[in-house]
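*Asks:* Add 115 to the 1-based position in the sequence shown for the working numbering, that's all there is to it.
Yeah, the Cβ is synthetic: ideal placement off N, Cα and C, and Gly gets one too.
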Amino acid sequence: MHVERVEGDYVQPEIIDLECGCLFRLHASDISEDGAEPLAQLLTEQAKRWAPRPPGAPLGPVIPVAWERVPNPPDPLAIGVEETATTITYKLDPSLISQRAADYLSRLDTERSPYWQRVPEGYHDGDEAE
116 MHVERVEGDY VQPEIIDLEC GCLFRLHASD ISEDGAEPLA QLLTEQAKRW APRPPGAPLG
176 PVIPVAWERV PNPPDPLAIG VEETATTITY KLDPSLISQR AADYLSRLDT ERSPYWQRVP
236 EGYHDGDEAE
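1. Taking its Cβ as the centre, do 16 or more other Cβ atoms sit within 10 Å of G123, making it buried, or is it exposed?
2. Would you kindly work out how many angstroms separate the C-alpha atoms of E198 and Y125, rounded to a whole number?
3. Specify the secondary structure class of G236 as computed by DSSP and reduced to three states.
4. For E183, does the three-state DSSP call read helix, strand or coil?
5. What is the residue span of the alpha helix (DSSP H) that T204 lies within?
6. Give the range of the alpha helix (DSSP H) segment to which A151 is assigned.
7. My guess is that A216 and L133 are in contact by the Cβ rule of under 8 angstroms, so how many angstroms apart are they, rounded?
8. Can you tell me where the alpha helix (DSSP H) holding E226 begins and where it ends?
9. Could you give the distance in angstroms between the alpha-carbon of Y67 and the alpha-carbon of S221?
10. In angstroms, rounded to a whole number, what distance separates the CA positions of E245 and H239?
11. Which term fits L207, buried or exposed, when burial requires 16 or more other beta carbons within 10 angstroms of its beta carbon?
12. Could you please give the first and the last residue of the uninterrupted beta strand (DSSP E) stretch that includes L138?
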């Protein structure tokens with residue numbers, strides 16, 4: 116998973132599917148300079164539990180995804196994800212990402228959820244060799 120911090124005229128956050136994961140593009144006003152790397156690490160770890168549904172497979176359920184900004188975490192770079200059978204919640208320090216980006220990514224991820232499926236641990240282990 117990759118996180119790109121875009122300078123210049125404002126662009127809304129977007130998630131671009133790549134062969135080897137996804138690219139999260141966020142404007143510089145939506146993500147701090149310190150936020151891109153830890154966010155990429157978090158998304159990479161969380162993505163190990165998910166894969167695109169196979170072509171022709173029926174869509175899955177809509178899983179609400181929330182990006183929450185948690186004030187005053189013990190570590191300013193503390194971020195994490197809580198995943199249940201029915202929800203996914205990313206938790207980030209407000210200094211890393213704007214509320215505008217958090218709201219937008221919540222909506223994008225929720226809309227994309229039926230196209231993804233949970234996979235067992237080790238599912239992606241062969242991917243690194245390619």
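*Replies:* For this structure:
1. exposed
2. 31 angstroms
3. The sequence as given places Glu at residue 236; Gly does not occur at that position. Of the three classes helix, strand and coil, the one that applies to E236 here is coil, per DSSP.
4. Reduced to three states, the DSSP call for E183 is strand.
5. Not the alpha helix (DSSP H): T204 falls in the beta strand (DSSP E), residues 203-207.
6. 151-162
7. Going by Cβ atoms, the distance from A216 to L133 rounds to 20 angstroms, so no, they are not a contact pair.
8. 214-227
9. Since the first and last residues shown for the chain are 116 and 245, residue 67 lies out of range.
10. With a pLDDT of 39 at E245, under the threshold of 50, the modelled position of that residue is not reliable, and the figure given next carries that caveat. E245 and H239: Cα-Cα distance of roughly 11 angstroms.
11. So L207 ends up on the buried side.
12. For L138, the uninterrupted beta strand (DSSP E) segment begins and ends at 136-142.
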